[in-house]
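*Asks:* First to last, the protein sequences are chains V and D.
Per our numbering, residue 136 is the first one in the first sequence, and the count goes up by one each step.
Per our numbering, residue 4 is the first one in the second sequence, and the count goes up by one each step.
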Amino acid sequence: MAESSLRDRFERGLAAPICLTWELTYACNLACTHCLSSSGRRDSNELSTREAKALIDEIAAMQIFYINVGGGEPMIRRDFFELIEHAVDQHVGVKFSTNGTRIDQAAARRLASIDYLDIQISIDGADAPTSDRIRGTGSYDQARRAMDNLKAADFGQFKVSVVMTRESVEQLDDFEKLANHYGAELRLTRLRPSGRGVDVWEALHPTLEQNRRLYRWLLERPNVLTGDSFFHLSALGEPLSGLNLCGAGRVVCLIDPVGDVYACPFVIHDEFRAGNVRANGFQDVWQNSELFRSLREPGNAGACTSCGSYDACRGGCMAAKFFTGLEMSDPDPECVFGHGESALAAKKVLLRPTPSPDHSRRIPVSISAR
Amino acid sequence: MTPPTALAFDTSAPWHLSEQVSLRDESFGALAYHHGTRRLVFLKSRELVDVVRRVGEFDSADAALDALVPAAERGRYVTALTSLVRSEILRG
Numbered sequence: 136m137a138e139s140s141l142r143d144r145f146e147r148g149l150a151a152p153i154c155l156t157w158e159l160t161y162a163c164n165l166a167c168t169h170c171l172s173s174s175g176r177r178d179s180n181e182l183s184t185r186e187a188k189a190l191i192d193e194i195a196a197m198q199i200f201y202i203n204v205g206g207g208e209p210m211i212r213r214d215f216f217e218l219i220e221h222a223v224d225q226h227v228g229v230k231f232s233t234n235g236t237r238i239d240q241a242a243a244r245r246l247a248s249i250d251y252l253d254i255q256i257s258i259d260g261a262d263a264p265t266s267d268r269i270r271g272t273g274s275y276d277q278a279r280r281a282m283d284n285l286k287a288a289d290f291g292q293f294k295v296s297v298v299m300t301r302e303s304v305e306q307l308d309d310f311e312k313l314a315n316h317y318g319a320e321l322r323l324t325r326l327r328p329s330g331r332g333v334d335v336w337e338a339l340h341p342t343l344e345q346n347r348r349l350y351r352w353l354l355e356r357p358n359v360l361t362g363d364s365f366f367h368l369s370a371l372g373e374p375l376s377g378l379n380l381c382g383a384g385r386v387v388c389l390i391d392p393v394g395d396v397y398a399c400p401f402v403i404h405d406e407f408r409a410g411n412v413r414a415n416g417f418q419d420v421w422q423n424s425e426l427f428r429s430l431r432e433p434g435n436a437g438a439c440t441s442c443g444s445y446d447a448c449r450g451g452c453m454a455a456k457f458f459t460g461l462e463m464s465d466p467d468p469e470c471v472f473g474h475g476e477s478a479l480a481a482k483k484v485l486l487r488p489t490p491s492p493d494h495s496r497r498i499p500v501s502i503s504a505r
Numbered sequence: 004m005t006p007p008t009a010l011a012f013d014t015s016a017p018w019h020l021s022e023q024v025s026l027r028d029e030s031f032g033a034l035a036y037h038h039g040t041r042r043l044v045f046l047k048s049r050e051l052v053d054v055v056r057r058v059g060e061f062d063s064a065d066a067a068l069d070a071l072v073p074a075a076e077r078g079r080y081v082t083a084l085t086s087l088v089r090s091e092i093l094r095g
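What follows is the structure, encoded as structure tokens:
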């Protein structure tokens with residue numbers, strides 16, 4: 136019954152994921168520089184409404200309690216409301232991530248009328264200049280307008296979601312004030328070198344000193360949500376709240392817009408593709424994929440074997456290692472003791488993986504105010 | 004959001020699994036998800052899962068514990084059920 140044994144059980148996999156992310160579309164009206172899924176253009180092979188509903192039925196049958204819906208911008212899909220209503224009708228809760236551009240007053244009222252619905256609105260700075268540098272001109276004001284509309288529609292508590300960059304990590308108290316202003320929850324996640332993020336990661340990932348401050352700030356605020364994304368910082372001492380493990384293929388996974396299943400939302404790459412739901416459904420992939428089975432085998436501490444903190448951080452994030460060109464047996468590139476930086480520096484030749492699917496737009500995007 | 008309820012666990016009163024909770028069996032016990040509070044709770048033994056599923060069949064939590072749990076382990080179960088009352092998995 137000890138916590139550690141529960142964590143071991145999780146690492147061996149569950150009957151169904153705790154946390155299933157489903158990117159509804161690769162289409163997006165923004166072009167954030169750090170986009171995990173390299174989104175922009177819709178893929179012509181995306182799941183149809185009928186296929187998407189069948190997938191929701193399977194999710195309900197597997198008793199997956201809720202799904203994290205994202206994209207791209209999920210609200211761009213014309214059947215967006217039809218799909219989320221189909222899910223909540225079967226008691227599958229929906230939490231969706233949006234840039235907020237499509238939440239006008241009418242959409243806010245409709246969203247407020249749906250039970251079991253949770254919304255995360257993304258910003259990447261506590262002011263327009265900081266946020267817009269990543270998300271595009273005008274995006275911050277549109278996100279704030281969405282928050283205003285949700286508040287006016289009495290939606291209740293939503294989430295303000297921020298990726299921690301070298302700039303945004305300096306604004307932690309401002310994000311807290313902003314969330315409080317709306318009665319919202321604050322959610323902070325880690326910048327990963329996934330998708331287009333690989334191009335900005337080196338310049339934008341927090342410094343060691345910033346990560347130490349972030350860790351202390353989070354430790355004092357267990358109510359700030361993190362999606363378990365900073366477990367690599369738990370090596371600094373007391374563990375942060377959460378499961379503190381890499382859940383890839385064990386307790387989490389990702390379904391992309393064309394039905395491909397990946398080990399986690401941060402590894403949209405051929406090497407981590409477990410299968411496709413169009414073959415024999417999602418449950419078959421979850422239970423029988425060779426990739427997932429291998430991820431559920433006991434881990435190898437690799438270069439971290441001799442580190443006294445391995446139990447706390449378990450070697451960190453698989454995606455962060457993979458996309459920076461490290462081996463799975465190497466430390467996390469943001470290892471709090473600097474072992475990741477040394478490992479990166481020691482590589483004579485750094486072979487970064489070539490990105491797999493890329494749906495980025497080929498022309499720059501401009502957002503018009505509505 | 005669900006308003007906070009009385010959080011005391013009166014074992015002489017009847018209790019039942021909240022209608023807002025989904026339970027999913029797992030090898031270690033079960034996962035319980037409360038759709039209202041959006042909290043996930045881990046039930047770490049099959050025996051506890053059985054008590055949580057069936058407590059509503061009895062006139063009181065005491066009666067359920069008498070019928071389902073060895074007397075020597077009763078204290079542990081009361082502790083576990085108290086935390087489930089606090090997280091609104093069980094309702095009075």
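Backbone N, C-alpha and C fix where the C-beta goes; we use that ideal spot for every residue, glycine too.
Does any C-beta atom of chain D lie closer than 7 angstroms to the C-beta of residue 144 of chain V?
*Replies:* For the purposes of this step, residue 144 of chain V is taken as the residue at position 9 of the first sequence. Answer yes: the Cβ-Cβ gap between residue 144 of chain V and chain D drops below 7 angstroms somewhere.
*Asks:* Check whether the Cβ of residue 251 of chain V lies closer than 7 angstroms to any Cβ atom in chain D.
*Replies:* Residue mapping note: residue 251 of chain V aligns to position 116 of the first sequence, counting from 1. Cβ-Cβ to chain D under 7 angstroms: yes for residue 251 of chain V.
*Asks:* Relative to chain D, which residues along the segment 212-233 of chain V have a C-beta separation below 7 angstroms, given in chain order?
*Replies:* Shown in chain order are the members of the segment 212-233 of chain V whose Cβ falls below 7 angstroms from a Cβ of chain D: 226, 228.
*Asks:* Restricting to Cα atoms, I'd like to know which of V:280, V:461, V:331 is closest to residue 171 of chain V.
*Replies:* As a working mapping, residue 171 of chain V is identified with position 36 in the first sequence. Closest by alpha carbon: V:331.
*Asks:* Mind listing the chain D neighbours of residue 200 of chain V? Cutoff is C-beta to C-beta under 8 angstroms, in chain order.
*Replies:* For the purposes of this step, residue 200 of chain V is identified with residue 65 of the first sequence, where counting begins at 1. Neighbourhood of residue 200 of chain V in chain D, by CB distance below 8 angstroms: 25, 27, 34, 36, 38, 43, in chain order.
*Asks:* So is residue 31 of chain D in contact with chain V if we call contact Cβ pairs under 7 angstroms?
*Replies:* Position 28 of the second sequence, counting from 1, holds the residue named residue 31 of chain D. Chain V contact via Cβ: present.
*Asks:* So, helix, strand or coil for residue 214 of chain V, using DSSP?
*Replies:* Indexing the first sequence from 1 puts residue 214 of chain V at position 79. The answer is coil: DSSP assigns residue 214 of chain V none of H, G, I, E or B.
*Asks:* Can you tell me whether residue 5 of chain D is buried or exposed, with buried defined as 16 or more other CB within 10 angstroms of its CB?
*Replies:* Within the second sequence, residue 5 of chain D is the residue found at index 2, counting from 1. With a pLDDT of only 46 at residue 5 of chain D, under the threshold of 50, the placement of this residue in the model should not be trusted, and no figure is reported.
*Asks:* What are the partner residues of residue 26 of chain D, as DSSP defines its beta bridges?
*Replies:* Sequence index remark: in the second sequence, residue 26 of chain D carries index 23 (1-based). Answer by DSSP bridge pairing, in chain order: D:35.
*Asks:* Which residue's Cα is closest to the Cα of residue 364 of chain V: V:373, V:378, V:372?
*Replies:* What you label residue 364 of chain V is simply residue 229 of the first sequence in a count that begins at 1. Selection V:373, V:378, V:372 evaluated against residue 364 of chain V yields V:378 as nearest (Cα-Cα).
*Asks:* If you draw a straight line from the alpha carbon of residue 181 of chain V to that of residue 204 of chain V, how long is it in whole angstroms?
*Replies:* Against the first sequence, residue 181 of chain V aligns to sequence position 46. Against the first sequence, residue 204 of chain V aligns to sequence position 69. Near 15 angstroms, if we compare the C-alpha coordinates of residue 204 of chain V and residue 181 of chain V.
*Asks:* Which residues in the same chain have their Cβ closer than 6 angstroms to the Cβ of residue 214 of chain V, if we skip the five residues on either side of it in sequence?
*Replies:* Indexing the first sequence from 1 puts residue 214 of chain V at position 79. Cβ contact annotation for residue 214 of chain V (same chain, cutoff 6 angstroms, sequence separation greater than five): 184, in chain order.
*Asks:* Kindly indicate which residue of V:255, V:467, V:337, V:277 has the alpha-carbon position closest to the one of residue 320 of chain V.
*Replies:* Here the question's residue 320 of chain V lines up with position 185 in the first sequence. Of the candidates V:255, V:467, V:337, V:277, the residue whose Cα lies closest to the Cα of residue 320 of chain V is V:255.
*Asks:* Going by other Cβ atoms of all chains shown within 10 Å of its Cβ, with 16 needed for buried, is residue 82 of chain D buried or exposed?
*Replies:* Locating residue 82 of chain D in the second sequence gives position 79, counting from the first residue. Exposed: under 16 other Cβ atoms inside 10 Å.
*Asks:* Would you report the Cα separation of residue 357 of chain V and residue 388 of chain V, rounded to the nearest angstrom?
*Replies:* One-based indexing of the first sequence puts residue 357 of chain V at position 222. One-based indexing of the first sequence puts residue 388 of chain V at position 253. Distance between the alpha carbons of residue 357 of chain V and residue 388 of chain V is about 25 angstroms.
*Asks:* So which residues of chain D does residue 149 of chain V contact, with C-beta pairs closer than 7 angstroms?
*Replies:* Within the first sequence, numbered from 1, the residue matching residue 149 of chain V stands at position 14. Chain D residues near residue 149 of chain V: 29.
*Asks:* What are the boundary residues of the beta strand (DSSP E) that includes residue 155 of chain V?
*Replies:* Against the first sequence, residue 155 of chain V aligns to sequence position 20. For residue 155 of chain V, the uninterrupted beta strand (DSSP E) segment begins and ends at 154-160.
*Asks:* Return the chain-ordered list of same chain residues with a C-beta closer than 7 angstroms to the C-beta of residue 239 of chain V, the five sequence neighbours on each side being excluded.
*Replies:* The count along the first sequence starts at 1 and reaches residue 239 of chain V at position 104. The residues are 284.
*Asks:* Identify whether residue 439 of chain V lies in helix, strand or coil by the three-state DSSP scheme.
*Replies:* In the first sequence, residue 439 of chain V corresponds to position 304, counting from 1. Judged by DSSP in its simplified three-state form, residue 439 of chain V adopts helix.
*Asks:* Below 8 angstroms on the Cβ atoms is my contact criterion, and I expect residue 469 of chain V with residue 315 of chain V to pass it. Report the Cβ-Cβ distance as a whole number of Å.
*Replies:* As a working mapping, residue 469 of chain V is identified with position 334 in the first sequence. As a working mapping, residue 315 of chain V is identified with position 180 in the first sequence. About 29 angstroms separates the two Cβ atoms, so there is no contact after all.
*Asks:* Under 8 angstroms Cβ-Cβ, which residues of chain D neighbour residue 153 of chain V?
*Replies:* As a first step, residue 153 of chain V is located in the first sequence; it is residue number 18 there, counting from the start. Neighbours of residue 153 of chain V on chain D, chain order: 34, 43.
*Asks:* Give me the Cα-Cα distance between residue 42 of chain D and residue 435 of chain V, rounded to the nearest whole angstrom.
*Replies:* For the purposes of this step, residue 42 of chain D is taken as residue 39 along the second sequence, with counting starting at 1. For the purposes of this step, residue 435 of chain V is taken as residue 300 along the first sequence, with counting starting at 1. Each residue's alpha carbon lies about 32 angstroms from the other.
*Asks:* Kindly indicate if chain B contains any beta-carbon less than 7 angstroms away from that of residue 277 of chain V.
*Replies:* No chain B appears in the structure shown, which is made up of the protein chains V and D.
*Asks:* Where does the unbroken alpha helix (DSSP H) through residue 276 of chain V begin, and where does it stop?
*Replies:* Position 141 of the first sequence holds residue 276 of chain V. Residues 274-287.
*Asks:* For residue 272 of chain V and residue 495 of chain V, I'd like the C-alpha separation in whole angstroms.
*Replies:* Locating residue 272 of chain V in the first sequence gives position 137, counting from the first residue. Locating residue 495 of chain V in the first sequence gives position 360, counting from the first residue. Here the alpha carbons of residue 495 of chain V and residue 272 of chain V stand approximately 17 angstroms from one another.
*Asks:* From the DSSP output, read off the bridge partner residues of residue 232 of chain V.
*Replies:* To locate residue 232 of chain V, count along the first sequence from 1; it is residue 97. In the DSSP output, where bridge partners are listed per residue, residue 232 of chain V has V:255.
*Asks:* Can we say the segment 80-95 of chain D touches the segment 44-54 of chain D, given the rule of at least three CB pairs closer than 8 angstroms?
*Replies:* yes
*Asks:* So what does DSSP say about residue 360 of chain V, is it helix, strand or coil?
*Replies:* By 1-based counting over the first sequence, the position of residue 360 of chain V is 225. In this structure, residue 360 of chain V counts as strand in the three-state DSSP scheme.
*Asks:* Residue 296 of chain V by DSSP, collapsed to three states: which one?
*Replies:* Residue 296 of chain V sits at position 161 when you count from the first residue of the first sequence. Three-state result, residue 296 of chain V: strand.
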